[in-house]
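Visitor:
Numbering (my numbering), first residue to last: 6 to 331.
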């Protein structure tokens, strides 16, 4: 096992980070979130057309890059850190499901970025459900692809990621595999944890930078012992979360037998750590952190919505305990 990024993986991270910094800085994220669609379709097209990220894990024979989950985790960490609005995570989850066990007919269009797809994660609730061309509805081990039907936008905590309720209409059956769905759910856990890692890192980076310039009572706030202790605790959570995500992505690629435990640990730990760091970052920013104009609340809201995206934390802790036979 080697959890250190290779040179190619570091290049991938740098490329995605540079692209997002230029194409989707936080002021643009805010504008896109307030738009009718909730994201910038031009940025989404460039993300797929120039970088090919929608097809990153899609096999090459279906128009994708055929990369591994280690590479996908790197990309999702960067999109999480940038609070990228739009259907990238939703389409990624759909690509995971179809690549692992579904009908491959949809994959070429997903990989090309011409089809926006999503997965109904909780009954009929789907990320970017109103914007998606195809919704994969999951009923136990059965999956069907729904095009059209009613889409009701939902009021959500996170303004940078929309959700919708999808009308339960008849759709085309695309998969049916109980064992396969268990692996897919574990892979979803790895993907979401990777995004959470990015949100955690960006939240910590923001308060570290602020503590170096904010003066209170004649001293930089970063010089106070209480602030130092809190930042050290937040950094430890980042280091632990990074190791857990890297291990889970490695297991997805190289050790499928270890994936259930690694995925359960990722959701049990990383989601909570991400929320705690985002919360503490907001608090340490002081009064400015509570204003609408500051970005701290955006990371806080993404962290909380991601923490419950795949179910409440107690579910993941209970599964982890079962796997460890505790």
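The beta-carbon is built from N, C-alpha and C at its ideal position, and this holds for glycine as well.
1) With DSSP as the reference, label residue 177 as helix, strand or coil.
2) Please give me, in chain order, every unbroken run of the alpha helix (DSSP H) with length at least 4 that falls completely inside the stretch 215-302.
3) Identify the continuous alpha helix (DSSP H) that holds residue 328 and give its terminal residues.
4) With respect to the beta strand (DSSP E) encompassing residue 65, which residues constitute its N-terminal and C-terminal limits?
5) Between residue 315 and residue 222, what straight-line distance do the alpha-carbon atoms span, to the nearest angstrom?
6) I'd like the span of the beta strand (DSSP E) that includes residue 114, first residue to last.
7) What does a CB cutoff of less than 8 Å around residue 141 pick up in its chain, not counting 5 residues either side in sequence?
8) If you reduce the DSSP assignment to three classes, tell me which class residue 141 lands in.
9) Comparing alpha-carbon positions, which option in 298, 278, 24 lies nearest residue 208?
10) Quick check: residue 267 and residue 74, are their CB atoms within less than 8 Å of each other?
11) Taking 8 Å as the threshold (C-beta atoms), are residue 94 and residue 76 in contact?
12) Alpha carbon to alpha carbon, how far is residue 91 from residue 236? Give it in angstroms, no decimals.
13) Residue 146 and residue 137 - do their beta-carbons sit closer together than 8 Å?
14) Sort 321, 105, 219, 69 by Cα distance to residue 56 and report the nearest one.
15) Residue 84 bridges to which residues according to DSSP?
16) According to the neighbour-count rule (16 or more other Cβ atoms, all chains shown, within 10 Å of its Cβ), is residue 84 buried or exposed?
17) Is the separation between the beta-carbon of residue 120 and that of residue 196 shorter than 8 Å?
18) Do residue 250 and residue 329 have their C-beta atoms closer together than 8 Å?
19) With distances taken between CB atoms, is the gap from residue 128 to residue 168 smaller than 8 Å?
20) So, with DSSP's three-state summary, where would you put residue 184?
21) Compare the Cα-Cα distances from residue 311 to each of 280, 324, 289 and report the closest residue.
22) Would you mind sorting residue 82 into buried or exposed? The rule is 16 or more other CB atoms within 10 Å of its CB.
23) Does DSSP put residue 127 in a helix, in a strand, or in coil?
24) Output the distance between the C-alpha atoms of residue 298 and residue 65, rounded to the nearest integer angstrom.
25) So for residue 8, helix, strand or coil by DSSP?
26) Following the continuous beta strand (DSSP E) through residue 158, name the residue where it begins and the one where it ends.
27) Just to confirm the assignment, what range does the beta strand (DSSP E) spanning residue 34 have?
28) Going by the beta-carbon positions, is the gap between residue 25 and residue 89 smaller than 8 Å?
29) Give me the DSSP bridge partner(s) of residue 168.
30) So who's on the other strand from residue 197, going by DSSP bridges?
31) Let me make sure I understand the geometry here. Which of 286, 263, 296, 283 has the alpha-carbon closest to that of residue 325?
Guide: Taking the coordinates as given:
1) strand
2) 230-259, 264-270, 276-289
3) 318-328
4) From DSSP, residue 65 is part of no beta strand (DSSP E); its letter is neither H nor E.
5) 44 Å
6) Unbroken run through residue 114 is the alpha helix (DSSP H), 112-117; no beta strand (DSSP E).
7) 99, 102, 103, 107, 122, 123, 124, 125, 148, 149, 150, 151, 179
8) strand
9) 278
10) no
11) no
12) 31 Å
13) no
14) 69
15) DSSP lists no partner for residue 84.
16) buried
17) no
18) no
19) no
20) helix
21) 280
22) buried
23) strand
24) 43 Å
25) coil
26) 156-158
27) Counting along the chain, residue 34 falls outside any beta strand (DSSP E), though it belongs to the alpha helix (DSSP H) covering 31-38.
28) yes
29) 132
30) According to DSSP, residue 197 bridges with nothing at all.
31) 263
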